[in-house]
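Residue numbers (full-length UniProt numbering): 1 to 389. As structure tokens, the structure follows; a few thoughts come after it.
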Amino acid sequence: MLRVVYNQYKGYCIPKGNTGIQSEHSQETIYTNGFNFFNWEDDELQQYSKITNYNEDEEEQENGDMYTNESKNHLNHEMSDLLKPSVLKNEITDKINDKINDKKQLNGKKIKKQYGKKKKKQKGNSDLDDFNIPSDVNKVAQLNKLHKELILNLKSQLASTKINDDEKILQFFDVSIYKEELDNLKDDEWLNDNNISFLYEYLERYQLNSFNKLIKDSIILLRPSMVYLLANTSAPLELKGVLPPLENSKFIFLPVNDNDDVETASAGSHWSLIVISLLDQTAFIYDTMERANETEAIQVIKKLMEYLGYQLKIKIIENTPQQINGSDCGIMICQITGFLLSRLLNLKYLETNYIDLSLDKVDISAIDGRIFLMGTLLNLVKHKQNLDQ
1 MLRVVYNQYK GYCIPKGNTG IQSEHSQETI YTNGFNFFNW EDDELQQYSK
51 ITNYNEDEEE QENGDMYTNE SKNHLNHEMS DLLKPSVLKN EITDKINDKI
101 NDKKQLNGKK IKKQYGKKKK KQKGNSDLDD FNIPSDVNKV AQLNKLHKEL
151 ILNLKSQLAS TKINDDEKIL QFFDVSIYKE ELDNLKDDEW LNDNNISFLY
201 EYLERYQLNS FNKLIKDSII LLRPSMVYLL ANTSAPLELK GVLPPLENSK
251 FIFLPVNDND DVETASAGSH WSLIVISLLD QTAFIYDTME RANETEAIQV
301 IKKLMEYLGY QLKIKIIENT PQQINGSDCG IMICQITGFL LSRLLNLKYL
351 ETNYIDLSLD KVDISAIDGR IFLMGTLLNL VKHKQNLDQ
């Protein structure tokens with residue numbers, strides 16, 4: 001629990017005394033896809049196709065007919081369809097703990113993911129597959145259907161029968177989206193830095209930008225490439241003017257990858273998240289695989305302390321929701337970012353309540369996060385207008 005609240009004149013601040021300030025904790029589990037607590041406008045409508053049954057091979061995915069019978073839903077779609085997990089966290093914790101070191105040590109801690117290939121390296125590793133728990137089949141079917149609609153829409157727009165993995169399919173402001181980014185969102189695939197950059201750009205454009213300058217300047221969603229630059233620089237102060245003005249913000253979100261090979265892109269095997277509260281001078285670490293990225297996260301925090309010129313307290317969020325396979329770290333970092341950001345933007349509530357950046361009693365559905373992002377891209381592809389301006 002932070003000491004920070006929101007004041008309409010001062011923005012995020014630490015109040016003098018605690019008169020009238022509450023520290024509420026939910027007594028019931030919150031089931032979320034990470035994005036359902038935002039206020040979305042009508043122009044962020046998303047198209048979802050209704051699904052009754054889905055079973056098709058790869059050839060049908062490439063050549064099937066366009067699905068119809070679509071229903072419009074807001075991006076903060078009803079969460080009643082989120083399945084409560086049948087596997088409790090304590091049933092998989094031991095397996096995850098056993099696999100953390102395996103994952104770090106495989107190939108000298110260089111699990112090189114080749115994003116252009118349909119079969120990822122981790123899928124062929126039986127050690128990592130030992131603790132993979134399958135996603136809900138109905139949700140996987142919904143995700144596959146959205147992916148198919150995306151491909152069919154793109155083929156129609158590009159007047160092409162085939163789309164290469166390295167072909168750009170969408171320019172969303174500062175982020176170029178390629179076909180491989182769509183494939184990364186399918187079940188049991190690894191997200192890359194561009195997937196996360198897109199989500200951060202999207203949240204900035206459709207959430208942060210709807211608030212006044214006092215709020216917009218207070219929260220920085222630092223892109224993975226910038227975090228990697230910070231982590232690997234020998235002179236953090238030289239990044240002044242390269243990075244956004246971090247020192248002027250109140251909260252910084254930093255997605256961290258464990259890539260330790262500066263000469264090889266996409267060499268990392270795990271994502272985690274750091275959130276900095278500058279007012280409290282505290283760094284919060286969120287890791288969906290226990291403490292798999294603790295060393296990398298602390299390295300980033302140390303470089304950030306050099307950049308800022310003062311020390312930060314480090315707090316590891318032990319109740320971070322845990323992934324149930326070897327591939328959901330990236331999507332869950334996106335979802336945790338969305339969920340925590342929605343809390344920071346709940347300004348009316350924060351006038352009388354301290355900001356809560358813990359994840360106590362929060363259950364995140366990774367497959368629903370993939371559905372959200374896939375559906376978001378489908379919506380943008382169908383209705384793209386001046387997104388590169």
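Ideal placement from N, C-alpha and C gives every residue a C-beta, glycine not left out.
Can the beta-carbon of L357 be found less than 8 Å from the beta-carbon of V300? In this structure, V300 does not lie closer than 8 Å to L357 by Cβ.
Measuring CB atoms only, is the region 282-297 touching the region 310-323, in the sense that at least three cross pairs come out at less than 8 Å? The region 282-297, when compared against the region 310-323, does touch it at the 8 Å Cβ threshold.
So the alpha helix (DSSP H) T32 belongs to, where does it begin and stop? Note, T32: premise wrong, no alpha helix (DSSP H); beta strand (DSSP E) at I30 to T32.
Can you tell which of Y206, I364, Q207 and L344 has its C-alpha closest to the C-alpha of N7? The shortest Cα separation from N7 among Y206, I364, Q207 and L344 belongs to L344.
When you compare only the Cα positions, how much space is there between I355 and D258? When rounded, the distance between both Cα atoms is 29 Å.
Cutting at 7 Å between CB atoms, please list the residues of its own chain near D187, excluding the five before and the five after it. The residues are S135, V140, L143, I367 and R370.
Could you compute how far the alpha carbon of I177 sits from the alpha carbon of N33? Computed Cα separation, rounded: 22 Å.
Tell whether a beta-carbon distance below 8 Å holds between S218 and S249. Taking C-beta atoms as the reference points, S218 and S249 count as a pair closer than 8 Å.
Rounded distance between the beta-carbons of T320 and L359, thought under 8 Å: About 6 Å separates the CB atoms of L359 and T320; that is less than 8 Å, so the two are in contact.
Does DSSP put A141 in a helix, in a strand, or in coil? In the structure shown, A141 sits in a helix (DSSP, three-state: H, G or I).
Given this structure, state the Cα-to-Cα distance separating R291 from K162, to the nearest angstrom. Rounded to the nearest angstrom, the two C-alpha atoms are 41 Å apart.
Go ahead and pull the three-state DSSP assignment for P15. In the three-state scheme derived from DSSP, where H, G and I count as helix and E and B as strand, P15 is classed as coil.
Give the DSSP-derived three-state secondary structure of S365 in the structure shown. It is coil, neither helix nor strand.
Thinking C-alpha only, which one of E181, E204 and D174 is nearest E167? Comparing Cα-Cα distances from E167 to each of E181, E204 and D174, the minimum goes to E181.
Could you pull out every residue in the same chain whose Cβ sits closer than 8 Å to the Cβ of Q311, ignoring the five residues on either side in sequence? Cβ within range, chain order: Q281 and M305.
Among S365, S342 and S327, the one whose alpha carbon lies nearest that of F211: For the set S365, S342 and S327, the Cα lying nearest the Cα of F211 is the one of S342.
Bridge partners - residue 396, DSSP secondary structure assignment: One cannot answer for residue 396 here, as it falls past the ends of the chain, which runs 1 to 389.
D136 CB to nearest heavy atom of the ligand NAD below 7 Å: No copy of the ligand NAD occurs in the structure displayed, which carries no ligand at all.
CB-CB under 8 Å to residue 440, same chain, minus the five flanking residues each way: which ones, in chain order? Residue 440 falls outside the range modelled here, since the chain spans only 1 to 389, and no answer is possible.
Considering only C-alpha positions, which residue in the set L279, D328 and L185 is nearest to L308? For the residues L279, D328 and L185, the minimum Cα distance to L308 belongs to L279.
Hey, quick one: how far does the beta strand (DSSP E) through F198 stretch, first residue to last? In the DSSP annotation of this structure, F198 is not part of any beta strand (DSSP E); the continuous alpha helix (DSSP H) holding it starts and ends at D193 to Y206.
Looking at C-alpha atoms only, which residue of G338, G17 and K10 is the closest neighbour of R3? If you compare the alpha carbons of G338, G17 and K10 with that of R3, the shortest gap goes to G17.
Residue range of the alpha helix (DSSP H) that includes Q299: Segment E294 to L308, the alpha helix (DSSP H) holding Q299.
Following the continuous alpha helix (DSSP H) through L350, name the residue where it begins and the one where it ends. For L350, the enclosing alpha helix (DSSP H) starts and ends at L347 to L350.
From E247 to I298, what does the alpha carbon distance come to, in whole angstroms? Within the model, the alpha-carbon separation for E247 versus I298 is close to 19 Å.
7 Å CB neighbourhood of N293 in its chain, flanking five on each side removed: Short of 7 Å from the beta carbon of N293, and not among the five residues preceding or following it, lie these beta carbons of its own chain, in chain order: V256, D258, H270, S272 and D287.
Taking only the alpha-carbon atoms, compute the straight-line gap between N232 and F35 and give it to the nearest angstrom. Distance between the alpha carbons of N232 and F35 is about 31 Å.
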